[in-house]
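>
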Amino acid sequence: MLQVQNISFSYYKTPVVKNINFTVNKGQHIAIIGESGCGKSTLLKLIYGLYDLDEGHIFWNNQEILGPKFHLVPGMPFIKYLSQDFDLMPYTTVEENVGKFLSNTNPTLKKQRVQELLAIVEMTKYATVKAQFLSGGQQQRVALARVLALEPEILLLDEPFSQIDNFRKNSLRRNLFAYLKAKEITVIVATHDSTDALSFADQTLALLNGELIQNSPSMDLYHHPVNQYVASLFGEVNELPLSQLTFDETEQTVLLYPHQLMVVANGLLKVIVKKSYFKGSHYLIKAVFNRKVIFFEHDTELDLNQEVSLMMA
Numbered sequence: 001m002l003q004v005q006n007i008s009f010s011y012y013k014t015p016v017v018k019n020i021n022f023t024v025n026k027g028q029h030i031a032i033i034g035e036s037g038c039g040k041s042t043l044l045k046l047i048y049g050l051y052d053l054d055e056g057h058i059f060w061n062n063q064e065i066l067g068p069k070f071h072l073v074p075g076m077p078f079i080k081y082l083s084q085d086f087d088l089m090p091y092t093t094v095e096e097n098v099g100k101f102l103s104n105t106n107p108t109l110k111k112q113r114v115q116e117l118l119a120i121v122e123m124t125k126y127a128t129v130k131a132q133f134l135s136g137g138q139q140q141r142v143a144l145a146r147v148l149a150l151e152p153e154i155l156l157l158d159e160p161f162s163q164i165d166n167f168r169k170n171s172l173r174r175n176l177f178a179y180l181k182a183k184e185i186t187v188i189v190a191t192h193d194s195t196d197a198l199s200f201a202d203q204t205l206a207l208l209n210g211e212l213i214q215n216s217p218s219m220d221l222y223h224h225p226v227n228q229y230v231a232s233l234f235g236e237v238n239e240l241p242l243s244q245l246t247f248d249e250t251e252q253t254v255l256l257y258p259h260q261l262m263v264v265a266n267g268l269l270k271v272i273v274k275k276s277y278f279k280g281s282h283y284l285i286k287a288v289f290n291r292k293v294i295f296f297e298h299d300t301e302l303d304l305n306q307e308v309s310l311m312m313a
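Each residue of the sequence shown is one higher than the one before, counting from 1 in our numbering.
1) Extract the residue ranges of the alpha helix (DSSP H) inside the stretch 161-228, only unbroken runs of 4 or more that lie entirely within it.
2) Rank G49, V114, N62 and V293 by C-alpha distance to the C-alpha of V94 and give the top, closest one.
3) Provide the residue span of the beta strand (DSSP E) that contains V147, from first to last.
4) Against chain D, with Cβ distances strictly below 8 Å, would I164 count as a contact?
5) List the endpoints of the continuous alpha helix (DSSP H) containing L65.
6) For N6, does the count of other Cβ atoms within 10 angstroms reach 16, so buried, or fall short, so exposed?
7) Below 8 Å, how does it come out for the stretch 299-311 and the stretch 253-271: are there three or more Cβ pairs, yes or no?
8) Between which two residues does the alpha helix (DSSP H) holding S41 run?
9) Since N21 is in the beta strand (DSSP E), which residue starts that stretch and which ends it?
10) Work out the CA separation of F78 and I164 for me, nearest whole Å.
11) Relative to the C-alpha of D193, which residue among G27, K18, I33 and C38 is closest?
12) Would you tell me roughly how many angstroms separate the C-alpha atoms of N170 and Y277, rounded to the nearest one?
13) For the alpha helix (DSSP H) that contains E116, what are its first and last residues?
14) Verify whether the separation of the beta carbon atoms of S83 and D196 is less than 8 Å.
15) Quick check on this structure: which residue in L2, Y51, K80 and L88 has the alpha carbon closest to the alpha carbon of A143?
16) Taking just the CA atoms, how far does D52 sit from P320?
17) Counting along the chain, where does the beta strand (DSSP E) carrying N6 start and finish?
18) Would you call the stretch 184-193 in contact with the stretch 16-36, where contact means no fewer than 3 C-beta pairs closer than 8 Å?
19) If we ignore side chains and look at the alpha-carbon of each, how far apart do T253 and F247 end up?
20) Report the option in Y229, A201 and F200 whose CA atom is closest to the CA atom of L207.
21) Let me check one thing: in DSSP terms, what residues is M312 bridge-paired to?
22) Tell me whether Y81 sits in a helix, a strand or coil according to DSSP, three-state version.
23) With 16 other CB atoms within 10 Å as the buried threshold, where does I279 fall?
24) To the nearest angstrom, how far is the alpha carbon of R173 from that of F167?
25) Between which two residues does the alpha helix (DSSP H) holding E98 run?
Spelled out as structure tokens, the structure:
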């Protein structure tokens with residue numbers, strides 16, 4: 001079990017991580033989401049042992065994870081960390097990069113292991129290509145394969161699919177996270193992509209200004225965000241008084257994603273259409289009500305300045 005116990009950290013006296021506390025079970029997959037600069041990458045580096053904590057402790061089972069003050073080479077040997085700069089050897093081949101940390105005592109086994117990893121990240125046909133000739137997305141896939149080579153106990157991934165094309169990203173994610181689950185490798189992913197959290201993470205942590213503001217099973221966090229900020233990390237969201245949608249007289253407000261609003265003949269909430277965005281299976285409609293922007297989904301494009309009525313789906 002990974003235990004992060006009330007940790008805080010500052011850059012040059014500026015607090016970046018503030019009193020964060022959570023636990024991760026062996027084999028569990030965790031996503032960390034939040035706006036840029038909220039502390040996601042720093043939190044991963046602290047867990048890896050690249051920085052010294054101002055306060056708190058981090059344990060993996062019974063071993064404390066300590067920073068540069070305690071280790072000549074920062075970073076824990078049972079953890080692998082993939083940062084946003086891939087640190088590949090540019091003048092060596094893809095297979096040489098992936099096999100860098102594998103033992104040479106049995107060349108046949110080493111070659112088999114490298115081929116297995118290249119298949120997971122769909123880079124087999126580039127095995128003999130030098131890293132310098134790869135695209136950014138291809139380099140990212142090679143870097144993923146390399147951190148998997150020795151099967152770490154904990155894998156820390158910082159925006160691991162940021163440079164990979166969407167058509168490739170989807171199959172790669174499925175292959176990678178299925179492999180990691182099968183091997184019972186504990187995974188923590190810092191990401192801007194809500195799919196990483198909703199489809200592949202057991203638990204999701206939402207950060208804001210270095211603070212942990214929600215820690216829930218991924219589905220619960222999506223359906224029951226603590227505030228509009230958390231909900232907005234999954235896309236557009238509306239914060240509306242319940243009295244505008246029902247005959248409820250209270251001052252309660254609700255958070256609704258676009259798919260949770262629907263056009264009806266005689267709804268209480270009447271909005272003016274300003275833009276229709278084609279999304280493939282539907283349109284995302286931008287509308288206004290009393291100068292407030294409202295987003296909802298609809299099967300067809302709606303006319304500019306058309307008035308429509310909405311209710312909760």
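Yeah, the Cβ is synthetic: ideal placement off N, Cα and C, and Gly gets one too.
To lay it out plainly:
1) 166-182, 194-200 and 218-223
2) Here residue 94 is taken as the residue at index 94 of the sequence shown, counted from 1. The option with the nearest alpha carbon to V94 is V114.
3) Counting from one through the sequence shown, the residue named residue 147 turns up at place 147. From DSSP, V147 is part of no beta strand (DSSP E) but of the alpha helix (DSSP H) over G136 to L148.
4) As a matter of chain content, chain D is missing from the structure shown, which is built from one protein chain.
5) Here residue 65 is taken as the residue at index 65 of the sequence shown, counted from 1. The question names Leu, but residue 65 is Ile in the sequence shown. That residue, I65, is in no alpha helix (DSSP H); it is neither H nor E in DSSP.
6) As a first step, residue 6 is located in the sequence shown; it is residue number 6 there, counting from the start. The residue in question, N6, is exposed, as its Cβ has fewer than 16 Cβ neighbours within 10 Å.
7) yes
8) The residue labelled residue 41 in the question sits at position 41 within the sequence shown. Element bounds for S41: K40 to Y48.
9) As a first step, residue 21 is located in the sequence shown; it is residue number 21 there, counting from the start. Start and end: T14 to V24.
10) Walking along the sequence shown from the start, residue 164 turns up at place 164. Walking along the sequence shown from the start, residue 78 turns up at place 78. Going by the C-alpha atoms only, they are around 27 Å apart.
11) Taking the first residue of the sequence shown as 1, we reach residue 193 at position 193. That would be I33, whose Cα lies nearest to the Cα of D193.
12) Counting from 1 along the sequence shown, the entry for residue 170 is found at position 170. Counting from 1 along the sequence shown, the entry for residue 277 is found at position 277. Roughly 23 Å separates the two Cα atoms.
13) As a working note, residue 116 is residue 116 in the sequence shown. Its alpha helix (DSSP H) spans residues P107 to I120.
14) Along the sequence shown, one-based indexing puts residue 83 at 83. Along the sequence shown, one-based indexing puts residue 196 at 196. It is not a contact, given that the beta carbons lie outside the stated cut-off.
15) The count along the sequence shown starts at 1 and reaches residue 143 at position 143. The option with the nearest alpha carbon to A143 is L88.
16) Any question about residue 320 goes unanswered here, given that the chain covers just 1 to 313.
17) For the purposes of this step, residue 6 is taken as the residue at position 6 of the sequence shown. Run containing N6: L2 to Y11, per the beta strand (DSSP E) assignment.
18) yes
19) Mapped onto the sequence shown, residue 253 falls at position 253. Mapped onto the sequence shown, residue 247 falls at position 247. Between T253 and F247, the C-alpha separation is close to 13 Å.
20) Position 207 of the sequence shown holds residue 207. Per the Cα distances, Y229.
21) The sequence position of residue 312 within the sequence shown is 312, counting from 1. Beta-bridge pairing links M312 to L261.
22) Here residue 81 corresponds to residue number 81 of the sequence shown, with the count starting at 1. Looking at Y81 - three-state DSSP - the assignment turns out to be strand.
23) Taking the sequence shown and counting its residues from 1, the one referred to as residue 279 is at position 279. Per the sequence presented here, residue 279 reads as Lys, with Ile not at that position. Flag for K279 reads exposed.
24) Against the sequence shown, residue 173 aligns to sequence position 173. Against the sequence shown, residue 167 aligns to sequence position 167. Approximately 11 Å, taken between the alpha carbons.
25) On the sequence shown, residue 98 is found 98 positions in, with the first residue counted as 1. It should be pointed out that residue 98 corresponds to Val in this sequence rather than to Glu. V98 -> alpha helix (DSSP H) spans V94 to V98.
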